[in-house]
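Take the sequence shown: its position 91, counting from 1, is numbered 91 in the UniProt record's numbering, and each next residue is one higher.
I have placed the structure first, in the form of structure tokens, so that the comments after it can refer back to it.
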Amino acid sequence: MTAAPHLNERDLIEHLLGRDDLTVDDIADLPEDLRYELIDGRLVLSPLALPIHQFIAFEIAVAARERCPDDVLINPEQAVLLDRRNELRPDVVLIQEEGAGKSPVRPGDVPLVVEVASESTKEFDRTGKLKKYAYVGIRNYWIVDPLAERVTLTQFVLGPDGDYQQVRHTGDLVTVDRPWEMTLDLPAWTRRRDRIRAVARPDS
1 MTAAPHLNER DLIEHLLGRD DLTVDDIADL PEDLRYELID GRLVLSPLAL
51 PIHQFIAFEI AVAARERCPD DVLINPEQAV LLDRRNELRP DVVLIQEEGA
101 GKSPVRPGDV PLVVEVASES TKEFDRTGKL KKYAYVGIRN YWIVDPLAER
151 VTLTQFVLGP DGDYQQVRHT GDLVTVDRPW EMTLDLPAWT RRRDRIRAVA
201 RPDS
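Next up, the structure:
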């Protein structure tokens, strides 16, 4: 089943929303700047992320870039094709160059995906996405949570049984060694988040 190509963008989105039988072919004509995911055949639209959320994603990318191998790209919100009924957009994605020729990228070319938790996604990040990323063999999965008292990192590594093993949960300054060595200054991110919350105008 494919989307009706004669529809304008707004009508196309309305045509797709509410269905649970979609495939990646059905969403191929959606505008590139639309924030969406395809989850179990359903089109899920996402609101624009808050500045704090974007700040955390940017800091993760900066930390990853410091020792990034020359053959790896670091992309925000890169579409990852899991199967014909699932196309997700993690907040930060590492991509091998040989798989960077088109979008969405394939899981085999992705050594790490990172989700920055939000109120609307935090439960699914820890349940559905955890299972989906493991199922397609993405070796490393992080959840960075800016919602708790401290900004925290939960680090998962794919085990020999094909399931993720949690190897770390921390809000401290931490250096990880997978997929390469990266240092995350979580306390600094917490302080910046708290300062933003303290000074941000209530109407902003």
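Don't be surprised by glycine CBs; every beta carbon is placed ideally from N, CA and C.
Computed from a predicted model, the values in this text were never measured in an experiment.
**OP:** Specify, as a first and last residue, the run of the beta strand (DSSP E) that residue 185 falls within.
**Re:** 182 to 185
Subject >> Complete runs of the alpha helix (DSSP H) confined to the UniProt domain "Putative restriction endonuclease" (27 to 177) [at least 4 residues] >> reply: 51 to 65, 122 to 126 and 128 to 135
Subject >> Short Cβ contact (8 Å threshold) for residue 117 with residue 138 >> reply: no
Original post:
Of the choices 76, 135, 57 and 172, whose alpha-carbon is the least far from that of residue 107?
Top reply: Of the candidates 76, 135, 57 and 172, the one whose C-alpha sits nearest the C-alpha of residue 107 is 135.
Original post:
Helix, strand or coil for residue 198 per DSSP?
Top reply: helix
Subject >> Collapsed DSSP secondary structure at residue 16 in the structure displayed >> reply: Helix, per DSSP.
**OP:** Please confirm whether residue 40 and residue 86 have their CB atoms less than 8 Å apart.
**Re:** yes
Subject >> residue 90 and residue 105 closer than 8 Å at C-beta >> reply: One thing to note: residue 90 has its Cβ no nearer than 8 Å to the Cβ of residue 105.
**OP:** Could you check how far apart the C-beta atoms of residue 16 and residue 43 are, in whole angstroms? I think they sit under 8 Å.
**Re:** 5 Å
Original post:
Within 10 angstroms of its Cβ, does residue 78 collect 16 or more other Cβ (buried), or is it exposed?
Top reply: buried
Subject >> Cβ-Cβ distance between residue 179 and residue 111 below 8 Å >> reply: With contacts defined as CB atoms closer than 8 Å, residue 179 and residue 111 qualify as a contacting pair.
Original post:
For residue 63, which residues from the same chain have a beta carbon less than 7 Å from its beta carbon, with the 5 sequence-adjacent residues on both sides left out?
Top reply: 182, 183 and 184
Original post:
Quick one: what does DSSP say residue 190 is sitting in, helix, strand or coil?
Top reply: helix
Original post:
Do residue 56 and residue 73 come within 8 Å of each other at the CB atom, strictly closer than that value?
Top reply: The answer is no: Cβ separation not under 8 Å.
Original post:
Does DSSP put residue 25 in a helix, in a strand, or in coil?
Top reply: coil
**OP:** Between the Cα of residue 193 and those of 84, 113, 114 and 152, spot the shortest distance and give me the residue it belongs to.
**Re:** 152
Original post:
Taking Cβ positions, are residue 97 and residue 71 nearer each other than 8 Å?
Top reply: yes
Original post:
Nearest to residue 83 by alpha carbon, out of 46, 201, 24 and 103?
Top reply: 24
Original post:
How close, in whole Å, do the beta carbons of residue 130 and residue 156 come, if the pair is a contact with beta carbons under 8 Å?
Top reply: 7 Å
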